[in-house]
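There are 2 protein chains.
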Amino acid sequence: MALEHALLVALSERPASGLELTRRFEKSLGFFWHATHQQIYRVLARMEADGWVTVEVVEQEGRPDKRVHTPSATGRRVLADWLATPMPMETFRSELAVKLRGASYGDRAALVRNLRDARADHALRLATYEQMEREQFPDPTGLEPGVRDRWLVLRGGIRLERFWIDWITEYLQAHEMETS
Amino acid sequence: MALEHALLVALSERPASGLELTRRFEKSLGFFWHATHQQIYRVLARMEADGWVTVEVVEQEGRPDKRVHTPSATGRRVLADWLATPMPMETFRSELAVKLRGASYGDRAALVRNLRDARADHALRLATYEQMEREQFPDPTGLEPGVRDRWLVLRGGIRLERFWIDWITEYLQAHEMETS
DNA sequence: ACCATCATGTAACTTGTTACATGATTAC
DNA sequence: GTAATCATGTAACAAGTTACATGATGGT
Chain A
1 MALEHALLVA LSERPASGLE LTRRFEKSLG FFWHATHQQI YRVLARMEAD GWVTVEVVEQ
61 EGRPDKRVHT PSATGRRVLA DWLATPMPME TFRSELAVKL RGASYGDRAA LVRNLRDARA
121 DHALRLATYE QMEREQFPDP TGLEPGVRDR WLVLRGGIRL ERFWIDWITE YLQAHEMETS
Chain B
1 MALEHALLVA LSERPASGLE LTRRFEKSLG FFWHATHQQI YRVLARMEAD GWVTVEVVEQ
61 EGRPDKRVHT PSATGRRVLA DWLATPMPME TFRSELAVKL RGASYGDRAA LVRNLRDARA
121 DHALRLATYE QMEREQFPDP TGLEPGVRDR WLVLRGGIRL ERFWIDWITE YLQAHEMETS
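Residue numbers (the UniProt record's numbering), protein chains in the order written: chain A, 1 to 180; chain B, 1 to 180.
Now the structure itself:
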């Protein structure tokens, strides 16, 4: 009850085949939603069966045909309805949090090494996002609504990476204070 | 491949029955991990079958017996091994992000109302967490390692709520600029 | 010849969600 | 007597993960 809607958003922006959607999910929308091609194909098939999307088979030169999906009138209504429903409180799951909490029951030094790695990963991702912001949204004032929404979601990605980095840093500092 | 470990952490802090675990997950650990009692009972049964925990049936007055779970030597080793393994990059899912991104395809005014509600919810939760910090950790210097870990996870909860509030606020401000 | 890419899928499995069931005790 | 709490579960289903399959084209 959610991947469907994420796919409808993506297909509203631009119709796409399963594989194209998969790739688009690895970027932009993928800051906050991840899905494998297997999942996407399965859900697309269901959406087609339910009449939420129409499919056009597009022949290509030197490549297999692709099935391009476009939201139908029904699909557009489903999406609009969903957008207007109240949001459930998000329930985040973080393995990292569980590990921080359980540090006493294992090798704390190993955990600290892994934390440094995790922080480096997030720093890298943050740098990528910030570069995307500079390149794609050099001047965020006066953007068209749809483009502004994309910018604001990217802003969320940036904020989320900063959250991770700051939190891990706080943990590492508290740890260093003890061992120094 | 994760709830098991979260349960092992909780049971290492203090042995518990299924229902007690469920309640503990609604608090503290629950900032970053949520599980229903059905899930917990199922996983506990598997952990018992695999010899990760031992179970003691405790009779109670005027109440049904309860089955108290304690990590076994095997369970403690499993937990220690897991704590030392590198963290996979966390993949967060946010329905809110999808809705922000898709705002153009629905009623933007309704979305804005829902966003205000969502922000109020997060503000409430932030207030709860901050009160917990004041009451349980009035002086965070010189805490014992295990207690400090609990404090730092609470800090993460606080930081996460602030992330939500700040992001939603940024979105609402960008929206107001346009409509004013 | 061999590997990577494009494009679509199937199958088996693990997790997570929702709804229901039982049976005792305490509070109003 | 009615509802809430304590405590443990079952069953059906939805969602997500992992591994494998197919068959063509293009590059080295």
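From the three backbone atoms N, C-alpha and C, an ideal C-beta is built for every residue, glycine too.
Minimum C-alpha distance to A:T128 - residue among A:D81, A:L21, A:L154: A:L154
Give the range of the beta strand (DSSP E) segment to which A:K66 is assigned. It spans 63-71 - the beta strand (DSSP E) in which A:K66 sits, taken as one unbroken run.
Quick test of your reading: B:A110 and A:A84, contact by CB under 8 Å. State the CB separation rounded to the nearest angstrom. 4 Å
Considering Cα atoms alone, identify which of A:R24, A:K27, A:R42, A:F31 is closest to A:E4. A:R42
Just to confirm my understanding: we take A:K99, look at its own chain, exclude 5 residues before and 5 after, and list those with CB closer than 7 Å. What are they? Closer than 7 Å at Cβ, skipping near neighbours: L111.
Rounded to a whole number of angstroms, what is the C-alpha to C-alpha distance between B:A49 and B:V68? 15 Å
DSSP beta-bridge partners of A:Q173: Paired residue(s): none; A:Q173 is not in a bridge.
Determine the chain B residues that contact A:F31 at a beta-carbon separation under 9 Å, and present them in chain order. In chain order, F92, S94, A97 make up the part of chain B whose C-beta sits under 9 Å from the C-beta of A:F31.
Uninterrupted alpha helix (DSSP H) stretches inside the UniProt domain "Transcription regulator PadR C-terminal" (93-174) of chain A (no shorter than 4 residues): 95-102, 108-136
Who are B:T54's beta bridge partners in DSSP? B:T70
Could you pull the start and end residues of the alpha helix (DSSP H) that A:T22 belongs to? 18-26
A:W167 and B:G156 - do their beta-carbons sit closer together than 7 Å? Yes, the pair counts as a contact, with Cβ atoms nearer than the cut-off.
Going along the chain, which residues of its own chain have a beta-carbon closer than 7 Å to the beta-carbon of A:V58, five neighbours each way excluded? D65, K66, V68
Contact defined as beta carbons within less than 8 Å: I believe B:Y105 pairs with A:S28. What is the distance between those atoms, to the nearest angstrom? With 8 Å as the limit, B:Y105 and A:S28 do not qualify as a contact, their Cβ atoms being about 16 Å apart.
Please report whether the beta-carbon of B:D149 lies at a distance below 7 Å from any beta-carbon of chain A. yes
If we count the other Cβ atoms within 10 Å of its Cβ and call it buried at 16 or more, is A:D139 buried or exposed? exposed
Which residue marks the beginning of the alpha helix (DSSP H) containing A:A6, and which one marks its end? 3-13
For B:F163, would you say it is in contact with chain A, using Cβ-to-Cβ distances shorter than 7 Å as the test? yes
Would a C-beta distance cut-off of 7 Å place B:T54 and B:P15 closer than the cut-off? no
Give a yes or no on whether 7 Å exceeds the smallest Cβ distance from B:D121 to chain A. yes
Please identify the residue among A:E130, A:A174, A:D121, A:R63 whose C-alpha is closest to the C-alpha of B:M89. A:D121
Quick check: the Cα distance between B:E176 and A:P145, rounded to an integer number of angstroms? 12 Å
Neighbouring residues, chain B, relative to A:G51 (Cβ below 9 Å): What A:G51 touches in chain B: nothing, since even the nearest Cβ is about 17 Å away.
Between which two residues does the alpha helix (DSSP H) holding A:L44 run? 37-49
Kindly list, in the order they appear in chain B, the residues whose Cβ is closer than 8 Å to that of A:H37. Those do not exist, as A:H37 stays about 15 Å from chain B at its closest Cβ, beyond 8 Å.
Taking the alpha carbon of A:T169 as the reference point, which residue from A:R113, A:D149, A:E130, A:L152 has its own alpha carbon closest? A:R113
Status (buried if at least 16 other CB within 10 Å, exposed otherwise) for B:D81: Looking at its Cβ environment, which holds fewer than 16 other Cβ atoms inside 10 Å, B:D81 is exposed.
Along chain B, which residues have their Cβ under 9 Å away from the Cβ of A:S12? G102, S104, Y105
With 7 Å as the threshold, decide whether the Cβ of B:L126 is near any Cβ in chain A. no
According to the neighbour-count rule (16 or more other Cβ atoms, all chains shown, within 10 Å of its Cβ), is A:R116 buried or exposed? exposed
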